[in-house]
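Trainee: What the sequence shown shows, in the working numbering, is residues 302 to 393, in sequence order.
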Amino acid sequence: MEIQRNDRIYELGSLPPFLLVFAGQVAPIEHRWNQHGLGGDNVRGSCRDLHPGPVSLLHWSGSGKPWSRLDSRRPCPLDALWAPYDLYGHSH
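Encoded structure:
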């Protein structure tokens with residue numbers, strides 16, 4: 302992770318460098334634990350809904366981040382779940 306921080310050996314997210322750090326010491330978890338994909342499809346401007354059942358972690362994966370969409374006044378409905386945690390006081 303130190304190399305990644307200083308030299309950016311990987312540009313498409315943090316998962317591969319983290320997998321190197323954990324050196325295979327990972328275990329599968331039930332897919333419903335992580336609600337990923339909330340970043341939607343920025344090309345088409347689409348938003349995703351939560352999957353059915355319990356959710357433990359909301360993950361705005363991809364480039365569609367709620368702070369950007371809220372500031373541009375083009376939020377997805379679930380972006381409102383993130384707004385109360387905005388430490389920078391972006392306009393909503």
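Ideal Cβ positions, reconstructed from N, Cα and C, are used throughout, including at glycine.
Please report how far the alpha carbon of A324 lies from the alpha carbon of P318, in whole angstroms.
Mentor: 10 Å
Trainee: Buried or exposed: W334, going by 16 or more other Cβ atoms within 10 Å of its Cβ?
Mentor: exposed
Trainee: Can you list, in chain order, the residues of its chain with a C-beta nearer than 6 Å to that of N405? Leave out the 5 residues immediately preceding and following it.
Mentor: The structure shown does not extend to residue 405, since the chain is modelled only from 302 through 393, so no value can be given for it.
Trainee: Report buried or exposed for H393, applying the criterion of at least 16 other Cβ atoms within 10 angstroms of its Cβ.
Mentor: Below a pLDDT of 50, predicted positions are generally treated as unreliable, and H393, at 45, falls in that range; no measurement from the model is reported.
Trainee: Can you look up L321 in the DSSP assignment and give me helix, strand or coil?
Mentor: helix
Trainee: Is Q305 helix, strand or coil when you go by DSSP?
Mentor: helix
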